[in-house]
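K.L.:
Residue numbers (our numbering), protein chains in the order written: chain A, 596 to 946; chain B, 221 to 410. Cβ atoms here follow ideal geometry from the backbone N, Cα and C, with glycine treated the same way. Predicted model only: the values in this text are computed from it and were never measured.
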């Protein structure tokens, strides 16, 4: 249906309309997910601690995000005295927008990507680094010592973790030979043993590569156990200390949108994207029902990864800062460099 | 090299162990008591504020206003008044005011009582915005309970509860009544 609809749309209506539809779709997808991942997080945290979690607003607390949003929106937006107003205001938007833009190239199905461009992976990482700048600007322009400490931490943390992440991605680009995410997913067709995660004949360390990618994703999105940016017990709320109302709310939504993007990317890169784990059952990914099944598998894998993010957050305590940097510089970077060299050597020798 | 590899392996193993344990907790039932909707039943020997004990034969208070408790109270929060009713051998209590704002729950009154006429309540939902709620006439409370029980027996479905009864009182009844028959008052002094 999606394929036929998009074909029909492209036949009947001009290209801008298709873009508008995708923009609205992606924005609502991100918005709904950012709101309800907060609910998932709270419910998950509660279950891991054997509490019931939110129960009062709506059935099983399902209206909680709406109540939260109403509360945040009704609050006053305070701009502290003496701050750089423009930067202070722009920072939350800067953090939110890369996630929104990057989702344009994530293939939710073979024909379900807003833009099927050849350098999709590059685009995601180009926008991804804007994130760091957003938190840094927010922390720096807050004119608050906690926020500045947090900003400094975020920069050193994200710089440290960007390197192993990009090394892993370079390995993936070498193995797959393309930066087009849709093609990367297409290469992983036909059962879970074809996923990049299990592609051990190219590189026996592929599962390790996935773990490195996932760890770096956690660190890049400032999630526990790497949540140095808003280490509550040390830095009040870190870079977000001076933000009130929806300014804080947008930062919060941005955190979850970035998790969403990271998990979607991990799904597409390593777990076969919209490919079924048990091979083709129906047709050849062209018919309506197949696109829906593909979307289903994509969402199952993505939400499993997101659940793991929550699971990890409520299992491990926050690392100390030097532990964080040690992990990156002493373990992740050497190992990812080794996998890069190993896979290039194996490709040269065996192909 | 060998050491750091070993460190990575044991570290990874410990991470996996931790995650397995938390996932195990994830599927276990929750242990929360949803407080305003449900509250814990206090154990038998919970020492709440005091209440008068009813004589199971006559249905009236055992207390005969000997004022030992009044004298034993270090915070001076108990005021007992009694009167000799016509045809009765002993005095009987007519007023037993507990000023709970002063009470420190020391339990000296219960220890001092020779006849087991007062016992600890199991009530603990005592929050109120009105200070007068804590100046409790325990005798009046006991009598109200008795009258209400009689009225309910007489006309089972007429009224549920008198509208005058305040929230703490209602809860006291609900919490105390089931345990009244079998709860033994703490032993009388030697």
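1. Could you check the C-alpha separation between residue 273 of chain B and residue 370 of chain B for me, to the nearest Å?
2. Under a Cβ-count criterion, where at least 16 other Cβ atoms within 10 Å of its own Cβ denotes burial, should residue 668 of chain A be classed as buried or exposed?
3. Considering just the uninterrupted stretch of the alpha helix (DSSP H) at residue 854 of chain A, what are its terminal residues?
4. Take residue 709 of chain A as the anchor and find which of A:912, A:622, A:717 and A:759 has the nearest alpha-carbon.
5. What separation, rounded to the nearest whole angstrom, lies between the Cα atoms of residue 279 of chain B and residue 254 of chain B?
6. Comparing alpha-carbon positions, which option in A:688, A:912, A:766 and A:699 lies nearest residue 613 of chain A?
7. Using the Cα positions of residue 637 of chain A and residue 676 of chain A, report the straight-line distance between them to the nearest angstrom.
8. How would you label residue 796 of chain A, buried or exposed, when you count the other beta carbons within 10 angstroms and need 16 or more for buried?
9. Measuring alpha carbon to alpha carbon, tell me which residue in B:277, B:270 and B:241 is nearest residue 643 of chain A.
10. For the candidate residues A:783, A:846 and A:942, whose alpha-carbon lies nearest to that of residue 816 of chain A?
11. Are residue 639 of chain A and residue 899 of chain A closer than 8 Å when you measure CB to CB?
12. CB residue 832 of chain A to CB residue 749 of chain A, shorter than 8 Å?
13. Buried or exposed: which applies to residue 256 of chain B, given that a residue is buried once 16 or more other Cβ atoms fall within 10 Å of its Cβ?
14. Find out if the Cβ-Cβ distance for the pair residue 645 of chain A, residue 248 of chain B is shorter than 8 Å.
15. State the Cα-Cα distance for the pair residue 228 of chain B and residue 818 of chain A, rounded to the nearest angstrom.
16. First and last residue of the alpha helix (DSSP H) that includes residue 772 of chain A?
17. Can you pull the chain B neighbours of residue 910 of chain A, defined as C-beta to C-beta under 9 Å?
18. Taking the straight line between their C-alpha atoms, what separation do you get for residue 277 of chain B and residue 306 of chain B?
19. Helix or strand or just coil, what does DSSP make of residue 239 of chain B?
20. By the three-class DSSP mapping on this structure, what secondary structure does residue 642 of chain A have?
21. For residue 922 of chain A, count the other beta carbons within 10 Å of its own beta carbon; 16 or more makes it buried, fewer makes it exposed. Which is it?
22. Between residue 805 of chain A and residue 893 of chain A, is the Cβ-Cβ spacing less than 8 Å?
23. May I have the straight-line CA-CA distance separating residue 927 of chain A from residue 759 of chain A, to the nearest angstrom?
24. Just verifying my parser: in three-state terms, what is the DSSP assignment at residue 665 of chain A?
25. Checking contacts by CB at 8 Å: is residue 252 of chain B closer than that to chain A?
26. Between residue 646 of chain A and chain B, is the shortest Cβ-Cβ distance under 8 Å, so that the two count as touching?
27. Does any residue of chain A bring its CB to less than 8 Å from the CB of residue 222 of chain B?
28. Let me know the secondary structure DSSP gives residue 272 of chain B once reduced to three states.
29. Quick one: is residue 349 of chain B buried, meaning 16 or more other Cβ sit within 10 Å of its Cβ, or exposed?
30. For residue 733 of chain A, collect the residues of the same chain with a Cβ closer than 6 Å to its Cβ; drop the 5 residues on either side in sequence, then sort them by chain order.
31. With a CB to CB cut of under 7 Å and the five nearest residues on each side skipped, what residues in its chain are close to residue 696 of chain A?
P.N.:
A quick look at the data gives this:
1. 18 Å
2. exposed
3. 840-865
4. A:622
5. 36 Å
6. A:699
7. 34 Å
8. exposed
9. B:241
10. A:846
11. no
12. no
13. exposed
14. yes
15. 21 Å
16. Note, residue 772 of chain A: premise wrong, no alpha helix (DSSP H); not H, not E.
17. 235, 238, 239, 241, 242 and 243
18. 19 Å
19. helix
20. helix
21. buried
22. no
23. 6 Å
24. helix
25. yes
26. yes
27. no
28. strand
29. exposed
30. 686 and 834
31. 722
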